[in-house]
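Below you'll find the structure, written out as structure tokens, and then a few comments.
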Amino acid sequence: MRSFFRELKDRRVYRVAIAYGVIASGLVQIGGTILPIFHAAEWVQQLFVVFIALGFPLALVLAWAFDVTGSGIERTPPAAGLHISGRRSILALALSGTLIAAIALCAYWFWHPWRDSLARTPSEKSIAVLPFENRSTEKENAFFTDGVQDQILTDLAKVADLKVISQTSVEQYKSGLERNLHQIGQQLGVAYLLQGSVQREGKKLRINAQLVDARTNEQLWAETYDRDLSDVFAIQSEIAQSIVSQLQATISPQEKARIEERPTQDLAAFDLYTQARVLVESYLNASDPKQSFVNAIELLDRATARDPDFVLAYATAARAHALLYFLDLDPTPDRATRSLVAAQTALRLAPQSAEAHLAMADFYFRCRHDFERANDELALAKAGLPNSTTFLSLSGYIARRQARWADAERDFRRAVELDPRNINALNLLSDTYVLLRRFDEAIAVFSRTIAAGLDLPIVHYRRELIRFAQTGEVSVLRQALAQAPPDLDIGGGETPGRVMLAMIDHNYERARNELAASPRQTFQEVDFSFYYPRVWYEAIIARAAGDAARAQRAFGQARIFFTQRLTIKPNDSRTLAVLAQVDAGLGEKEQAIAEARRAVEWMPVSRDAYDGALVLQGLAQVYTWTREPDQALAVLREMMKQPGYLTYGYLRVDPAWDPLRGDPRFQQFVQSLAPR
3 MRSFFRELKD RRVYRVAIAY GVIASGLVQI GGTILPIFHA AEWVQQLFVV
53 FIALGFPLAL VLAWAFDVTG SGIERTPPAA GLHISGRRSI LALALSGTLI
103 AAIALCAYWF WHPWRDSLAR TPSEKSIAVL PFENRSTEKE NAFFTDGVQD
153 QILTDLAKVA DLKVISQTSV EQYKSGLERN LHQIGQQLGV AYLLQGSVQR
203 EGKKLRINAQ LVDARTNEQL WAETYDRDLS DVFAIQSEIA QSIVSQLQAT
253 ISPQEKARIE ERPTQDLAAF DLYTQARVLV ESYLNASDPK QSFVNAIELL
303 DRATARDPDF VLAYATAARA HALLYFLDLD PTPDRATRSL VAAQTALRLA
353 PQSAEAHLAM ADFYFRCRHD FERANDELAL AKAGLPNSTT FLSLSGYIAR
403 RQARWADAER DFRRAVELDP RNINALNLLS DTYVLLRRFD EAIAVFSRTI
453 AAGLDLPIVH YRRELIRFAQ TGEVSVLRQA LAQAPPDLDI GGGETPGRVM
503 LAMIDHNYER ARNELAASPR QTFQEVDFSF YYPRVWYEAI IARAAGDAAR
553 AQRAFGQARI FFTQRLTIKP NDSRTLAVLA QVDAGLGEKE QAIAEARRAV
603 EWMPVSRDAY DGALVLQGLA QVYTWTREPD QALAVLREMM KQPGYLTYGY
653 LRVDPAWDPL RGDPRFQQFV QSLAPR
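With the working numbering, letter number 116 in the sequence shown gets 118, and the count goes up by one each step, no holes.
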């Protein structure tokens with residue numbers, strides 16, 4: 003061994019190892035700075051580090067075997083004291099080390115979450131129906147063209163043996179834009195694409211459709227239909243059944259009957275329904291979601307006035323009413339009643355309709371908090387909606403609240419497979435991992451999304467916000483907000499982050515300016531089902547800044563807001579939990595504690611694992627603000643044993659917990675949660 007180590011020194015292997023380490027470290031730092039600037043996918047950055055790591059054993063082998071002399075690169079002669087067998091052992095050891103490193107890296111590649119999006123082979127029975135081109139001279143027929151494409155997609159989605167990408171993900175590939183079909187197939191995870199055109203002139207209709215293999219760009223099937231306008235639903239059914247045949251998918255008699263069923267006899271009513279459905283499905287992207295729902299309901303009312311037997315219109319109206327109620331955009335009893343009436347009408351007209359049962363499940367979940375009856379309705383709807391992301395999202399929502407976390411993860415993962423470019427579907431899956439505090443998997447959801455081409459500011463921001471929740475590193479939050487567009491504020495979700503960062507910096511003037519910069523009057527922090535008024539943030543900023551008079555005024559206005567909400571929506575536990583925090587801010591200690599405890603009684607975790615955890619967090623916050631550290635710590639310890647949004651990162655730096663920071667027990671507790 004002495005000869006071996008002496009020869010390592012003589013061959014300058016030590017020197018090469020140190021030099022390589024210094025250079026590699028510099029390259030990693032440079033790559034970590036440069037690659038994100040060019041929006042390189044996370045897997046590219048990781049692969050960059052992998053190649054640098056693989057180069058290390060290779061550099062050592064080359065340093066052993068060769069030397070740089072005045073005559074160039076020459077093979078290094080062996081030292082006199084080292085036998086041939088020893089040299090062979092050393093070479094074998096070096097090669098074994100290189101092989102072990104390569105195997106480890108390959109295993110890491112095989113296991114790593116982002117491999118799913120890079121190496122997954124699409125199913126032979128997977129398809130996306132891209133938006134059709136409107137070739138009508140009257141451009142107002144665009145909605146009709148969208149309706150044709152959407153109905154073909156809907157018909158195909160009724161076949162359980164197919165994987166059919168949802169409308170939200172395909173609508174981004176609008177006709178008229180240059181399409182890279184191979185890339186689209188990869189981004190959507192499908193083997194086949196259907197595209198086409200629609201020309202409507204008077205009562206004449208021409209529909210052209212082509213089936214393309216996205217892997218080879220080969221056209222497998224094409225057909226042109228010249229018919230009367232009244233035959234449009236028959237054409238859509240024929241196209242869907244032709245595609246099923248081309249993909250050699252199994253179709254049951256029940257599925258075939260569903261495909262052949264006409265949604266309505268009135269084409270004008272169908273146009274109105276198509277416009278309304280777009281508004282309902284895209285409410286998260288609307289500047290005014292409430293007005294979008296109201297407009298959709300008006301269109302649907304006009305559709306059912308033309309065709310009183312239009313089941314899909316009633317089912318969609320029921321969902322729009324339920325969302326208005328659930329999202330607190332109009333949480334009045336009348337809104338919930340209108341949702342129930344619309345769902346009941348749909349079921350009366352079509353007792354076997356999967357869409358009608360889904361609408362009723364939506365009502366029970368959003369308006370009655372009745373998970374059991376909602377699940378019963380979902381069971382009746384399931385067979386008719388095998389490719390429905392709306393069904394899967396609702397099923398996952400309910401599973402999550404019933405603490406059936408594995409079921410929720412399964413449903414949300416399937417929803418992402420069927421709707422890979424739907425931000426809401428992605429957020430639900432990632433959000434579930436956050437609740438379970440499986441942060442790496444939550445981050446990987448958005449990293450795969452970026453790698454697959456959905457490179458949007460909100461995706462980057464939400465990924466970095468998860469990193470912050472995991473680590474509490476303020477620099478992560480600061481960089482995420484610095485890189486986000488100044489006007490990024492979906493549902494008012496980003497303004498609270500800007501306010502919190504300013505408060506962490508103790509820059510309360512900046513916090514007030516960040517709040518004033520948003521035109522919104524309400525903001526959501528956790529999800530889109532609960533909104534805080536502007537005065538809530540004005541109050542907590544003033545409280546942190548030590549401006550007692552301003553804090554009292556703002557908390558007083560916030561109390562009026564939440565009291566009115568409780569009047570409209572009695573027994574709402576989340577509203578009561580926040581009202582308790584308002585009263586704590588007003589100095590009403592006993593009242594605040596009583597309200598927070600009552601909110602927990604109304605909504606225990608055993609009844610609703612999702613809302614229950616948020617209400618429990620409200621109780622911990624009340625104890626914190628009313629200077630009851632023993633009680634606060636007891637609740638926090640209990641909370642961190644179960645799924646929830648409260649994380650080490652927020653406990654570490656969020657100003658909401660500042661009253662506890664002087665307590666060494668709190669500091670020890672937080673430190674025990676630090677990621678290892």
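No residue lacks a Cβ here, since even glycine has one placed at the ideal position from N, Cα and C. Given the structure is predicted, the values throughout are model-derived calculations rather than measurements.
Just confirm the distance between the C-beta atoms of LEU581 and THR565, as a whole number of angstroms; I'd bet it's less than 8 Å.
For this step, residue 581 is matched to residue 579 along the sequence shown. For this step, residue 565 is matched to residue 563 along the sequence shown. 7 Å between Cβ atoms; contact.
Here's the rule I'm using: 16 or more other beta-carbon atoms within 10 Å means buried, otherwise exposed. How should ALA658 be labelled?
By 1-based counting over the sequence shown, the position of residue 658 is 656. It is buried - the Cβ of ALA658 has at least 16 other Cβ atoms within 10 Å.
Taking its Cβ as the centre, do 16 or more other Cβ atoms sit within 10 Å of HIS508, making it buried, or is it exposed?
Taking the first residue of the sequence shown as position 1, residue 508 is located at position 506. Per the 10 Å Cβ criterion, exposed.
From the DSSP output, which residues share a beta bridge with THR524?
Here residue 524 refers to the residue found at position 522 of the sequence shown. THR524 is bridged to PRO535.
Mapping DSSP to helix, strand and coil, what is SER254?
Working through the sequence shown from its first residue, we reach residue 254 at position 252. Here SER254 sits in coil by DSSP.
Just the Cα atoms here: how many angstroms apart are PRO666 and GLU496?
Looking up residue 666 in the sequence shown gives position 664. Looking up residue 496 in the sequence shown gives position 494. Taking the straight line from one Cα to the other gives about 32 Å.
Starting from VAL501, trace the alpha helix (DSSP H) in both directions and tell me its first and last residue.
Working through the sequence shown from its first residue, we reach residue 501 at position 499. VAL501 -> alpha helix (DSSP H) spans 497-506.
I'd like to know if the region 407-419 and the region 170-182 are in contact, where contact means that at least 3 CB-CB pairs between them fall below 8 Å.
Counting Cβ pairs under 8 Å, fewer than three are found: no touch.
At 4 residues or longer, what runs of the alpha helix (DSSP H) sit wholly inside the region 272-318?
Here the runs fully enclosed are 291-308.
Leaving aside the five residues before and after LEU490 along the sequence, list all residues of the same chain whose C-beta is less than 8 Å from its C-beta, in chain order.
Against the sequence shown, residue 490 aligns to sequence position 488. Same-chain partners within the cutoff: PRO459, ILE460, TYR463, GLU496.
Expressed to the nearest angstrom, what Euclidean distance is found between the alpha-carbon atoms of GLU262 and LEU132?
Counted from its first residue, the sequence shown places residue 262 at position 260. Counted from its first residue, the sequence shown places residue 132 at position 130. The straight-line gap from Cα to Cα measures roughly 21 Å.
With DSSP as the reference, identify every bridge partner of TRP407, one or two as the case may be.
For this step, residue 407 is matched to residue 405 along the sequence shown. The partner list for TRP407 (beta bridge, DSSP) is empty, contrary to what the question assumes.
Write down the C-beta distance between ALA356 and ALA383 rounded to the nearest angstrom, noting that I regard them as a contact closer than 8 Å.
Against the sequence shown, residue 356 aligns to sequence position 354. Against the sequence shown, residue 383 aligns to sequence position 381. The pair is a contact, with the Cβ atoms about 4 Å apart (cut-off 8 Å).
Measuring CB atoms only, is the region 437-453 touching the region 639-651, in the sense that at least three cross pairs come out at less than 8 Å?
The answer is yes - the region 639-651 touches the region 437-453, with three or more Cβ pairs under 8 Å.
Note down, in chain order, each residue of its chain lying with its Cβ closer than 6 Å to the Cβ of LEU456, except the 5 sequence neighbours on either side.
Counting from one through the sequence shown, the residue named residue 456 turns up at place 454. Cβ neighbours of LEU456 beyond the five flanking positions: ARG423.
Measuring only from the beta carbon, is ALA236 closer than 7 Å to any heavy atom that is part of the ligand FMN?
Here there are no bound small molecules, and the ligand FMN is not part of this structure.
Could you have a look at VAL607 and say whether DSSP puts it in helix, strand or coil?
For this step, residue 607 is matched to residue 605 along the sequence shown. It is coil, neither helix nor strand.
So which of LEU329, ASP230, PHE272, ASN429 has the shortest CA-CA distance to GLN526?
Working through the sequence shown from its first residue, we reach residue 526 at position 524. The candidate whose alpha carbon is nearest that of GLN526 is LEU329.
Of the choices GLN250, ARG202, GLN188, ALA271, whose alpha-carbon is the least far from that of ARG171?
The residue you call residue 171 lines up with position 169 of the sequence shown. Note on residue identity: the sequence assigns Ser, not Arg, to residue 171. Among GLN250, ARG202, GLN188, ALA271, the Cα nearest to that of SER171 belongs to GLN188.
Could you give the first and the last residue of the continuous beta strand (DSSP E) run that contains ILE209?
The residue given as residue 209 occupies position 207 in the sequence shown. Its beta strand (DSSP E) spans residues 206-215.
Considering Cα atoms alone, identify which of ARG375, HIS371, LEU428 is closest to SER395.
Numbered from 1 along the sequence shown, position 393 holds the residue referred to as residue 395. With distances taken between Cα atoms, SER395 lies closest to LEU428.
Out of ARG480, ALA26, ALA453, which has the shortest C-alpha to C-alpha gap to MET505?
Position 503 of the sequence shown, counting from 1, holds the residue named residue 505. For the residues ARG480, ALA26, ALA453, the minimum Cα distance to MET505 belongs to ARG480.
What are the start and end residues of the alpha helix (DSSP H) that includes ILE570?
Taking the sequence shown and counting its residues from 1, one reaches residue 570 at position 568. It spans 550-570 - the alpha helix (DSSP H) in which ILE570 sits, taken as one unbroken run.
In its own chain, which residues sit with a C-beta less than 6 Å from the C-beta of ASP309, not counting the 5 before and 5 after it?
As a position in the sequence shown, residue 309 is number 307, starting the count at 1. Only THR266, ASP268, ALA271 meet the Cβ criterion.
Which stretch, first to last residue, makes up the alpha helix (DSSP H) that contains ARG481?
As a working mapping, residue 481 is identified with position 479 in the sequence shown. Checking the sequence, you will find Gln at residue 481 rather than Arg. Residues 476-485.
Decide yes or no for the touch test of the region 569-577 against the region 591-607: beta carbon pairs closer than 8 Å, at least 3 of them.
Touching, per the Cβ criterion.
Would you check if there are 3 or more beta carbon pairs closer than 8 Å linking the region 413-421 to the region 151-158?
These segments do not touch.
Given this structure, state the Cα-to-Cα distance separating ARG545 from VAL537, to the nearest angstrom.
Taking the first residue of the sequence shown as 1, we reach residue 545 at position 543. Taking the first residue of the sequence shown as 1, we reach residue 537 at position 535. For ARG545 and VAL537, the distance between alpha carbons rounds to 12 Å.
By Cβ distance below 8 Å, which residues in the same chain neighbour GLU379 in space, the five residues on each side in sequence not counted?
Indexing the sequence shown from 1 puts residue 379 at position 377. Within the same chain, GLU379 has close Cβ partners HIS359, LEU360, MET362, ALA363, TYR366.
Where does ARG202 sit, in a helix, a strand or coil, going by DSSP?
Taking the first residue of the sequence shown as position 1, residue 202 is located at position 200. The answer is strand: DSSP assigns ARG202 an E or B state.
Are the CB atoms of ARG654 and VAL672 within a distance shorter than 8 Å?
As a position in the sequence shown, residue 672 is number 670, starting the count at 1. As a position in the sequence shown, residue 654 is number 652, starting the count at 1. Against a cut-off of 8 Å, the Cβ pair of ARG654 and VAL672 comes out as a contact.
Determine whether the beta carbon atoms of ALA615 and ALA634 lie at a separation below 8 Å.
What you label residue 615 is simply residue 613 of the sequence shown in a count that begins at 1. What you label residue 634 is simply residue 632 of the sequence shown in a count that begins at 1. No, they are not a contact pair.
Hey, how far is the Cα of ALA19 from the Cα of PHE50?
In the sequence shown, residue 19 corresponds to position 17, counting from 1. In the sequence shown, residue 50 corresponds to position 48, counting from 1. Distance between the alpha carbons of ALA19 and PHE50: 19 Å.
If you drop the 5 nearest sequence neighbours on each side, which residues of the same chain put their C-beta closer than 7 Å to that of ALA541?
Looking up residue 541 in the sequence shown gives position 539. Hits under 7 Å: ALA553, ALA556, PHE557, ALA560, GLY587.
Drop a sphere of 10 angstroms on the beta-carbon of VAL24, count the other beta-carbons inside from all chains shown, and report buried for 16 or more, exposed for fewer.
Numbered from 1 along the sequence shown, position 22 holds the residue referred to as residue 24. Exposed: under 16 other Cβ atoms inside 10 Å.
Can you tell me where the alpha helix (DSSP H) with THR226 in it begins and where it stops?
For the purposes of this step, residue 226 is taken as residue 224 along the sequence shown, with counting starting at 1. That residue, THR226, is in no alpha helix (DSSP H); its beta strand (DSSP E) goes 220-230.
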